[in-house]
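Protein chains: 4
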Amino acid sequence: MGIEMINSNDKMKAISKNLLIDRGVTIKDIAEIVYDLQKKYIPSIKHKDCMDAIERVLDKREVQNAILTGIELDRLAEENKLSEPLETLINGDNPLYGIDEILVLSIVNVYGSIGFTNFGYVDKLKPGIIGKLDEEGKKPNKCNTFLDDIIGAIAAAAASSIAHNFEDKKE
Amino acid sequence: MGIEMINSNDKMKAISKNLLIDRGVTIKDIAEIVYDLQKKYIPSIKHKDCMDAIERVLDKREVQNAILTGIELDRLAEENKLSEPLETLINGDNPLYGIDEILVLSIVNVYGSIGFTNFGYVDKLKPGIIGKLDEEGKKPNKCNTFLDDIIGAIAAAAASSIAHNFEDKKE
Amino acid sequence: MGIEMINSNDKMKAISKNLLIDRGVTIKDIAEIVYDLQKKYIPSIKHKDCMDAIERVLDKREVQNAILTGIELDRLAEENKLSEPLETLINGDNPLYGIDEILVLSIVNVYGSIGFTNFGYVDKLKPGIIGKLDEEGKKPNKCNTFLDDIIGAIAAAAASSIAHNFEDKKE
Amino acid sequence: MGIEMINSNDKMKAISKNLLIDRGVTIKDIAEIVYDLQKKYIPSIKHKDCMDAIERVLDKREVQNAILTGIELDRLAEENKLSEPLETLINGDNPLYGIDEILVLSIVNVYGSIGFTNFGYVDKLKPGIIGKLDEEGKKPNKCNTFLDDIIGAIAAAAASSIAHNFEDKKE
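Respectively, the protein sequence lines represent chains B, S, D and X.
With numbering that gives the first Met the number 0, letter number 55 in the first sequence gets 54, and the count goes up by one each step, no holes.
With numbering that gives the first Met the number 0, letter number 30 in the second sequence gets 29, and the count goes up by one each step, no holes.
With numbering that gives the first Met the number 0, letter number 150 in the third sequence gets 149, and the count goes up by one each step, no holes.
With numbering that gives the first Met the number 0, letter number 144 in the fourth sequence gets 143, and the count goes up by one each step, no holes.
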């Protein structure tokens, strides 16, 4: 069963999107962040452009893999199914546990260096849904250690994709 | 209990080393690879230098985090405790699942670009214990998807640490 | 002559610091940014801690190499000594030219994922001397395309070094 | 004049290809390396597939930027136009100068983790044209410090692009 799923990019994308929705994140939530990142550079940008860019990002196998892996680790931490001390490191979003930021490099790297700086920015400022996830993750039976970075990385990658397309159209 | 562990670097290092040994990897196995990587550049190198370099690498918090996380995912895959399709992706070491290589960037990056090229090299050639782990991982109830990359990354980082120290001593 | 210089880490560090000062950047300027990045996490932090952390970052060969290379490219662009279209790309700090952000990965990567997010943050917000360099670089005979990213990366790496030391002392 | 060039992706690609040819590298030379990297995984692969993949890689703005910047630094080093000690570092392909490997991360990262390990492999083994460039770069008035890494990175990225396309077609 697993084999059929992973051999179809469409199925992998659908599974990834469903996982995000199950964890309380919509494409529209992410599009808000992308819009705020890009409107100062491209005043004519529409929310639709941001939604489309996120869909392009979710088409990438690297992005799907990062979503599946990160959300699984969050879920296992919530259910206390990880071994110690990993359970404590992930569940407490420990400042010296940087694997969440490393995992999402697989998303951020795909669109070059603009993705990279946008990610650092949203990871620090935690706008919109990212801030909400960060707060929610502090509750006793909740863990969003990987999810907030995944959302930040998708938003950063989508913003970069828009920036590249916009510059290319100038010619 | 977890909190005490993760606040002590010595304890985190001891846990990480024990995990490697539990999975069948000794520091001596890794030192063999480091020795082979460096002897052509530093003919006077000793196995002791390689063991010491690996100890320095294992001192790093990023390296400990990568070991804990990667081996946990291998173990959970072996025990069929991951959700589909992640279970199939990791258990089958799927060629389009590159999160194992991304995770170990946290190890490889620490020692700059020499670590980076050494890692690619051992990841392709799979010398010594890495080849053994790769073969072993293909057995029905065994998964070394993350472990072989972790060992390759530790070896690559240790080789880089030796190269840096050697060049610095030339002055 | 070059050989002697590059075989001494002390000389390479001194050359790198002098290059920064020649381009109008003092260690104190960078320390201001580090202080602002860390004071919210470590209220007891002193400016002296930030200056010390920057000195540790400047000890690294990767950092010295990035400073030498980036400032050389800025200087050559200012003097119109680069071939077209590279001259126009660098002199105009073109948004699709991301080599400046890539170059400083060699600085940022050294201290793990905290360095990475701090860099993205300061690269977007351009606090203190970074904003000044960015403005100055827009003048006709001036180019700071690489320099502002180098300063951001040094500040981010120093902030990460402080964060790691602080967490380790907790044990 | 520069502005028109950089606003056209086609012109930027043509300039990049011409620079490679001027430095003695043909697309066919690179295709040989790609073919050798992939034939063991995809026995039916044709040289034409490798040439096409290289063309896709050269379409990317990040790749064009890396080619322009790296070859410029090699050329300036050859003509003794760089400041010391950078001149000596680049002209001598100093083992502690890792900016060449960092620069090409902008090429390698674009195709995810397969590109990353392939690059390390060819960077160590130096097959075909890479070995020739490496040897040639040791001659008195010649410098290929950046070029050999650029070719390795393009080959690695092209191999990854082929691997991704091949796996996707399996579904």
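Note that the Cβ used here is the ideal one computed from N, Cα and C, for glycine as well.
Treat the numbers as computed from the prediction; the structure is a model and nothing was measured.
### Task
Step through the CB atoms of chain B and report whether any lies within less than 9 Å of the CB of residue 65 of chain S.
yes
### Query
Do we get a CB-CB distance below 9 Å when we pair residue 14 of chain B with the residues of chain S?
yes
### Message
Which residue wins for smallest C-alpha separation from residue 71 of chain X, given the options X:59, X:152, X:86, X:52?
### Response
X:86
### Message
Here's the rule I'm using: 16 or more other beta-carbon atoms within 10 Å means buried, otherwise exposed. How should residue 140 of chain D be labelled?
### Response
exposed
### Query
From the beta carbon of residue 150 of chain D, is the nearest beta carbon of chain B less than 9 Å away?
no
### Query
Beta-carbon of residue 98 of chain B versus every beta-carbon of chain S: anything under 9 Å?
yes
### Task
Compare the Cα-Cα distances from residue 135 of chain X to each of X:113, X:6, X:91, X:84 and report the closest residue.
X:91
### Query
Contact check, residue 162 of chain B vs residue 126 of chain D under 8 Å by CB: the rounded distance?
Contact doesn't hold; Cβ gap of about 22 Å is too wide.
### Task
Under 7 Å between beta-carbons, which chain S residues line up against residue 81 of chain B? List them in chain order, please.
71
### Message
Using a Cβ-Cβ cutoff of 8 Å, what residues of the segment 49–65 of chain X are near chain D? List them in chain order.
### Response
60, 61, 64, 65
### Message
Considering just the uninterrupted stretch of the alpha helix (DSSP H) at residue 47 of chain S, what are its terminal residues?
### Response
46–57
### Message
If you reduce the DSSP assignment to three classes, tell me which class residue 140 of chain D lands in.
### Response
coil
#### Entry: N-terminal and C-terminal residue of the alpha helix (DSSP H) that residue 38 of chain X is part of
Residue 38 of chain X -> no alpha helix (DSSP H), and no H or E assigned at all.
### Query
Quick one: what's got a C-beta closer than 8 Å to residue 159 of chain S's C-beta in the same chain, skipping five residues either side?
110, 111, 113, 114, 117
### Task
Please list, in chain order, all residues of the same chain as residue 22 of chain X whose beta carbon is under 7 Å from its beta carbon, the five residues on each side excluded.
70, 146
### Query
Taking Cβ positions, are residue 31 of chain X and residue 128 of chain X nearer each other than 9 Å?
yes
### Task
Decide yes or no for the touch test of the segment 101–108 of chain S against the segment 55–65 of chain S: beta carbon pairs closer than 8 Å, at least 3 of them.
yes
### Query
What residue range is occupied by the uninterrupted alpha helix (DSSP H) comprising residue 25 of chain D?
Looking at the DSSP string, residue 25 of chain D is not in any alpha helix (DSSP H), and its letter there is neither H nor E.
### Query
If residue 155 of chain B sits next to residue 107 of chain B, beta carbons under 8 Å apart, how far is it from one beta carbon to the other, in whole angstroms?
6 Å
### Query
residue 137 of chain D versus chain B: which residues are under 7 Å apart at the beta carbon?
By Cβ distance, chain B contributes nothing, its closest Cβ being about 16 Å from residue 137 of chain D, past 7 Å.
### Message
Going by DSSP in three states, residue 120 of chain S sits in which element: helix, strand or coil?
### Response
helix
### Counted within 10 angstroms of its Cβ, other Cβ atoms place residue 96 of chain D as buried (16 or more) or exposed
buried
### Message
Beta carbons nearer than 9 Å to chain B: which residues of the segment 115–126 of chain D have them?
### Response
115, 116, 117, 118, 119, 120, 121, 122, 123, 124
### Message
Can you list, in chain order, the residues of its chain with a C-beta nearer than 6 Å to that of residue 56 of chain D? Leave out the 5 residues immediately preceding and following it.
### Response
62, 153, 156, 157
### Message
With the cut-off set at 9 Å, would you say residue 40 of chain S and residue 120 of chain X are in Cβ contact?
### Response
no
### Query
Buried or exposed: residue 44 of chain B, going by 16 or more other Cβ atoms within 10 Å of its Cβ?
buried
### Task
Could you pull out every unbroken beta strand (DSSP E) segment of at least 3 residues lying fully inside the segment 69–124 of chain D, listed in chain order?
none
### Task
Please decide whether residue 170 of chain X counts as near chain D, where near means a Cβ-Cβ distance under 9 Å.
The pLDDT assigned to residue 170 of chain X is 44, lower than 50, so where the model puts this residue is not dependable; a value taken from the coordinates is nonetheless given after this. Chain D contact via Cβ: absent.
#### Entry: Through-space distance from residue 143 of chain X to residue 133 of chain X, alpha-carbon basis
7 Å
### Query
If you measure from the beta carbon of residue 146 of chain B to each beta carbon in chain S, is any gap under 9 Å?
no
### Query
How is residue 43 of chain S classed by DSSP in three states: helix, strand or coil?
coil
### Task
For residue 73 of chain D, I'd like the list of residues in its chain whose CB is within less than 7 Å of its CB, leaving aside the five on either flank, ordered along the chain.
142, 143, 144, 145, 146
### Task
Excluding the 5 residues preceding and the 5 following residue 98 of chain S in the sequence, name in chain order all residues of the same chain whose CB lies nearer than 6 Å to its CB.
none
### Message
Between residue 164 of chain D and chain S, is any beta-carbon pair separated by less than 9 Å?
### Response
no
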